[in-house]
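Chemist: Quick one: the structure is below, questions incoming.
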Amino acid sequence: GAGVSQSPSNKVTEKGKDVELRCDPISGHTALYWYRQRLGQGLEFLIYFQGNSAPDKSGLPSDRFSAERTGESVSTLTIQRTQQEDSAVYLCASSLAARNYGYTFGSGTRLTVV
Amino acid sequence: SQELEQSPQSLIVQEGKNLTINCTSSKTLYGLYWYKQKYGEGLIFLMMLQKGGEEKSHEKITAKLDEKKQQSSLHITASQPSHAGIYLCGADLEYGNKLVFGAGTILRVKS
């Protein structure tokens, strides 16, 4: 597609439930990134994919968070046993290569845990 | 990220006035990106700066990179209500990895 697509755009879930967030990067972009943005705060790095591998998972806040990427394309961020502090906008970005090629962001998924 | 400090945190200006937002890094900059975000929306790419002394302009927005100071500034001339939003700087601080972001600057433009 023309841009980075994220789905769903909004998700409300009950505390303790699992959620899956999807990111469709720009075709041909080998690098993919997940960020979290809490209300009124900047972007917090979660994980980076180069191809289907994740060389940097340092930002994942706990073992409840995991992500995978398949076919060097779609990525899924999974949050298990959601907590209220997981409420945030989750943003995905893709880039032609790992660095200095520009990063295109999706519109994000707004997750609300009630 | 504490590696990137943005100032000011928020700014209210009268329409037509100029303003500057700063982004300072505690580490060497390999690339500096400016994005704009409106509430509830994704990030809109504004500019990318890679070389010391580089300056880029788009419409009424100009960004400069001072590599020695590890700092970038974003300047808006003759601000308009359409400039309102959150401005975020992001930087490549190490090879081949990720962007780290500042906390953002909230800009409001009064008509």
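Going line by line, the protein sequences match chains V and A.
Each residue of the first sequence is one higher than the last, beginning at 46 in the numbering used here.
Each residue of the second sequence is one higher than the last, beginning at 762 in the numbering used here.
We treat Cβ as the ideally placed atom computed from N, Cα and C, and that holds for glycine.
#1: If we cut at 8 Å on Cβ distances, does V870/A have a partner in chain V?
#2: Once DSSP output is grouped into helix, strand and coil, what is the label at H819/A?
#3: Note down, in chain order, every chain A residue with its Cβ under 9 Å from the Cβ of Q86/V.
#4: Taking the alpha carbon of T157/V as the point to measure from, which residue in C68/V, A133/V, T75/V and A99/V has its own alpha carbon closest?
#5: Can you find a CB in chain A that lies within less than 8 Å of the CB of Y135/V?
#6: Tell me the DSSP secondary structure of H836/A in three-state form.
#7: Which residues in chain V sit within 7 Å of G803/A, going by Cβ to Cβ distance?
#8: Let's see if you can read the secondary structure: which residues bound the beta strand (DSSP E) around P769/A?
#9: For a contact defined as C-beta to C-beta under 9 Å, what are the partners of F110/V on chain A?
Modeler: The structure says:
#1: In the second sequence, the residue the question calls residue 870/A occupies position 109. Not an interface residue.
#2: Residue mapping note: residue 819/A aligns to position 58 of the second sequence, counting from 1. Strand.
#3: Position 41 of the first sequence, counting from 1, holds the residue named residue 86/V. Per Cβ cutoff of 9 Å: A864 and G865.
#4: Sequence index remark: in the first sequence, residue 157/V carries index 112 (1-based). When each option's Cα is compared against that of T157/V, the closest is A133/V.
#5: Here residue 135/V corresponds to residue number 90 of the first sequence, with the count starting at 1. No, Y135/V does not count as interfacial toward chain A.
#6: Walking along the second sequence from the start, residue 836/A turns up at place 75. Correct three-state label for H836/A: strand.
#7: Taking the first residue of the second sequence as 1, we reach residue 803/A at position 42. Under the 7 Å cutoff, chain V gives L136, F150, G151, S152 and G153.
#8: In the second sequence, residue 769/A corresponds to position 8, counting from 1. It is not in any beta strand (DSSP E) - P769/A carries neither H nor E in the DSSP assignment.
#9: Within the first sequence, the letter at position 65 stands for residue 110/V. Those do not exist, as F110/V stays about 16 Å from chain A at its closest Cβ, beyond 9 Å.
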